[in-house]
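Each residue of the sequence shown is one higher than the last, beginning at 317 in our numbering. Since the structure comes first, as structure tokens, the remarks are kept for the end.
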Amino acid sequence: MENFQYLKPPPRKIPLSIKLQLLLGKSASFLLFTFAVFLVPMYLFAIGSEEIFVKLGLWLFYVIFSAAMVYGIYRGVKDIALFQNGICVASTIVEKYTVHDDEYSTRVLILQYKVNGKKYSYKYSQPISLTQNTKRLEDDIEEPILCLQESPEKAVLVDSYQARIVLDEEGNMRMNKPLLGYFQVILSVISLAAIVVEVYYMFKIYNPQ
């Protein structure tokens, strides 16, 4: 459990690198980069097509992207609150299985933890790939979970993030590779800047005057 029993009690301060990882590490930076890459090509393809369904598909893509970004940031803000105010409890894997699909397989873990004498379950799933898997979780007897004392069902699995979060000698959380968090925010800023330039370019094409 990486000595997380020595974690400082809430409310606690967490470093900026962890906040960036929680806010941008899971999906936001990837979504922004993907959107920046495909924004102009999709727009040019749509305006060059006479099919109304193609144009509707473009707007649907914009709506889905915006919704995914809002949801990702919302989840990140909630996770930051859990890291700052959550209590640390030990969880154990009570069930694990693999769901096979045509495109990829997903590893699912069901973890159980106890707060105030009551048991709670946490479901974690992750596509199996070369870079992301659950072997690290399955090798440990116990896994640290952060949850709210007043609402234990609101929880987050500490080791579910790409960057490994550890404790220093004083019980403060820190990232084993803090540069990853800063790289993700730099990637996000560059992607946002590219999107702004692309939107301006698209507007000039649509309205040359």
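Beta carbons: idealized from backbone N, C-alpha and C, even for Gly.
What residue does the beta strand (DSSP E) around residue i start on, and which one ends it?
i    : result
Y477 : Segment: none, Y477 is in no beta strand (DSSP E) and carries neither H nor E.
S407 : 403-416
K439 : 434-443
E459 : 459-463
Q428 : 421-431
R490 : 489-491
State the Cα-Cα distance for the pair residue i and residue j, rounded to the nearest angstrom.
i    : j    : result
E456 : A397 : The question names Glu, yet the displayed sequence has Asp at residue 456. Approximately 26 Å, taken between the alpha carbons.
S507 : P325 : 37 Å
I330 : L425 : 27 Å
L376 : V370 : 10 Å
T447 : Y477 : Caution is warranted here: a pLDDT of 46 is assigned to T447, below 50, making its placement in the model unreliable, and the coordinate value is therefore given only provisionally. Going by the C-alpha atoms only, they are around 12 Å apart.
L473 : I368 : 44 Å
M518 : Q465 : 49 Å
Residue i and residue j: beta carbons closer than 8 Å?
i    : j    : result
Q337 : Q500 : yes
I461 : S407 : yes
F381 : F351 : yes
L483 : M491 : no
V379 : C463 : no
Y413 : L427 : no
E469 : L355 : no
G392 : L347 : no
On the CB-based measure, 16 or more other CB atoms within 10 Å of its CB, does residue i come out buried or exposed?
i    : result
S421 : exposed
K435 : exposed
F399 : buried
S467 : exposed
Name the two residues that bound the continuous alpha helix (DSSP H) containing residue i.
i    : result
P357 : 344-363
S333 : 332-340
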